[in-house]
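Each protein sequence line maps, in turn, to chains A and B.
Going by my numbering, the first residue of the first sequence is number 38, and it counts up by one from there.
Going by my numbering, the first residue of the second sequence is number 40, and it counts up by one from there.
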Amino acid sequence: MTKEELIAYIQENFSGKIELIENDMAEPYFLVPAGEIVAFSRFIHDDTKLLLHFLMNLSGVDTKEQFEVVYNICSYRHKHRIFFKTVLPYDKAQVDTVIGIWPAANWYEREAWELFGITFVGHPNLKRFLLPDDWDQGHPLRKDWVGRDVIPFPEV
Amino acid sequence: MGVNDDKLPVYAESVPGGGIITTQLNKIFTLTQAKSLWYLLFGTACCAIELMATGASRYDFDRLGMIFRASPRQADLMIVAGTITYKMAPVVKRLYDQMAEPRYVLAMGGCAIGGGPFYYDSYAVLRGIDKVIPVDVYVPGCPPRPEALLQGCLEVGKKLRTQKMEDWRVRNDG
Chain A
38 MTKEELIAYI
48 QENFSGKIEL
58 IENDMAEPYF
68 LVPAGEIVAF
78 SRFIHDDTKL
88 LLHFLMNLSG
98 VDTKEQFEVV
108 YNICSYRHKH
118 RIFFKTVLPY
128 DKAQVDTVIG
138 IWPAANWYER
148 EAWELFGITF
158 VGHPNLKRFL
168 LPDDWDQGHP
178 LRKDWVGRDV
188 IPFPEV
Chain B
40 MGVNDDKLPV
50 YAESVPGGGI
60 ITTQLNKIFT
70 LTQAKSLWYL
80 LFGTACCAIE
90 LMATGASRYD
100 FDRLGMIFRA
110 SPRQADLMIV
120 AGTITYKMAP
130 VVKRLYDQMA
140 EPRYVLAMGG
150 CAIGGGPFYY
160 DSYAVLRGID
170 KVIPVDVYVP
180 GCPPRPEALL
190 QGCLEVGKKL
200 RTQKMEDWRV
210 RNDG
């Protein structure tokens, strides 16, 4: 499906719950509320016209006001892609896991949890694996993070 | 004698019957060692590509008698080629400890020497492997060209030739 067809089809089936983010990319980009993530993912994964089976990437973002989790999904069958994101408040950064839909989300969610502190409810193995085993300095990719060993770039 | 004796650390004597040279065991030992520096592959980043290029046919490490080994127990020289993170640092230390004496370390590229481009604002990168293991030769560059690495390896050989067997670092693991 083309971008316009995808937007029309998804909005028709999920009207009112999701929001389209205007962009110049070749893919549609939706804003999905945190409570709807699993339902929305299940729909785009199972729907025969979409069949978005492949989770290409799942990343965390810190915008200084809020956290975002961005999902990039593609379909090998229909050769189309969509992106969507959810927005989480800084003080309650948690969202349901999508491992039940895309098992590939396992390590992506662990990474986002480890580096941003975003909790994925229902994740079976939310353990450290990128940072050193004895790491005790929190979540280093948060914008307000200050590290013990970090040498700040000098002002020029 | 058929050998070019001004190139050898030996004192050749004309003995009736021939075939006898006198030398120091140390000199022969370090000479042979310098001509067969087997190195441990330790490529963690883009420097490893230059290391591979140096090992391949155009620059040809083999002509220095340098052959890569995948096991630290067979290696004399550890070429640390690439960024070492805090997570990787204990592994570097462990591999170094597993190498047999005499052992040498060559820090290749800016990252292994002092953190390189990751010196500032990094939570993950070790600022120089000499914080973890002793380094014999530093080869700067980002990454260094194969010629620079070859020069560094010749410097390791030179250093090795000046060492005495009693100077070998003693293992301090008890």
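Every residue, glycine too, gets a C-beta built ideally from N, C-alpha and C.
Query	Result
Is any beta-carbon of chain B found at less than 8 angstroms from that of Ile-155 of chain A?	no
Is Val-130 of chain B helix, strand or coil by DSSP?	helix
Using the C-alpha atoms, what's the distance from Thr-123 of chain A back to Leu-178 of chain A?	18 angstroms
On the criterion of 16 or more Cβ atoms from any shown chain inside 10 Å, does Met-62 of chain A qualify as buried, or is it exposed?	exposed
Can you check the segment 118 to 148 of chain A for any beta strand (DSSP E) of at least 3 residues that lies completely inside it and give the ranges in chain order?	131 to 133
Restricting to Cα atoms, I'd like to know which of A:Gly-175, A:Ser-112, A:Leu-125 is closest to Asp-99 of chain A.	A:Leu-125
Beta carbons nearer than 7 angstroms to chain A: which residues of the segment 125 to 136 of chain B have them?	Tyr-125, Lys-126
Tell me which same chain residues have a C-beta within less than 8 angstroms of the C-beta of His-115 of chain A, skipping the five on either side of it?	Met-38, Lys-86, Leu-87, Leu-88
Note down, in chain order, all residues in the segment 169 to 184 of chain B with a beta-carbon under 7 angstroms from any beta-carbon belonging to chain A.	none
Might you give, ordered along the chain, the residues of its own chain that have their beta carbon closer than 7 angstroms to the beta carbon of Lys-180 of chain A, omitting 5 neighbours on each side?	Asp-99, Lys-101
Quick test of your reading: Gly-178 of chain B and Met-127 of chain B, contact by CB under 8 angstroms. State the CB separation rounded to the nearest angstrom.	Reading off the sequence, residue 178 of chain B comes out as Val, not Gly. Not confirmed; about 19 angstroms, so no contact.
Buried or exposed: which applies to Ser-75 of chain B, given that a residue is buried once 16 or more other Cβ atoms fall within 10 Å of its Cβ?	exposed
Below 8 angstroms on C-beta distance, what does Asp-160 of chain B contact in chain A?	Val-187, Ile-188, Pro-189, Phe-190
Output yes if chain B places a C-beta closer than 8 angstroms to the C-beta of Gly-97 of chain A; else output no.	no
Would you call Pro-173 of chain B buried or exposed, if buried means 16 or more other Cβ atoms sit within 10 Å of its Cβ?	exposed
In chain order, what residues of the same chain lie with their CB nearer than 6 angstroms to the CB of Leu-64 of chain B, ignoring the 5 residues before and after it?	none
Per DSSP, what are the beta-bridge partners of Arg-102 of chain B in this structure?	Bridge partners of Arg-102 of chain B: none, in fact.
Any idea if Gln-113 of chain A is buried or exposed, counting beta-carbon neighbours within 10 angstroms, 16 or more meaning buried?	Residue 113 of chain A is actually Tyr in this sequence, not Gln. Exposed, since its Cβ has fewer than 16 Cβ neighbours within 10 Å.
If contacts are defined as beta-carbon pairs under 8 angstroms, then Ile-74 of chain A and Val-135 of chain A qualify, I think. What distance do you get, rounded to the angstrom?	7 angstroms
Identify whether Thr-93 of chain B lies in helix, strand or coil by the three-state DSSP scheme.	helix
Measuring CA to CA, which of B:Gly-121, B:Val-171, B:Leu-134, B:Glu-140 is closest to Phe-157 of chain B?	B:Gly-121
Classify Phe-166 of chain A as buried or exposed, calling it buried when 16 or more other Cβ atoms lie within 10 Å of its own Cβ.	exposed
For chain B, find out if any of its Cβ atoms is closer than 8 angstroms to the Cβ of Leu-88 of chain A; answer yes or no.	no
In whole angstroms, what separates the C-alpha of Gly-155 of chain B from that of Val-119 of chain B?	14 angstroms
So Ala-84 of chain B and Cys-150 of chain B are in contact, right, with Cβ under 8 angstroms, and what is the actual spacing, rounded?	6 angstroms
Could you say which of B:Met-91, B:Cys-192, B:Leu-70 lies nearest to Gln-202 of chain B if we only look at CA atoms?	B:Leu-70
Starting from Thr-150 of chain B, trace the alpha helix (DSSP H) in both directions and tell me its first and last residue.	Contrary to the premise, residue 150 of chain B reads as Cys rather than Thr in this sequence. Cys-150 of chain B -> alpha helix (DSSP H) spans 148 to 153.
Using a Cβ-Cβ distance cut-off of 8 angstroms, determine whether Met-40 of chain B contacts chain A.	Residue confidence is low: Met-40 of chain B scores 43 on pLDDT, short of 50, so the model does not pin down where it sits. Its coordinate-derived value is still stated next. With 8 angstroms as the cut-off, Met-40 of chain B does not count as an interface residue toward chain A.
Please state the DSSP three-state secondary structure of Val-144 of chain B.	strand
Taking Val-75 of chain A as part of the alpha helix (DSSP H), name the residues at either end of that continuous run.	74 to 83
Starting from Leu-92 of chain A and walking both ways along the beta strand (DSSP E), at which residues does that stretch end?	91 to 99
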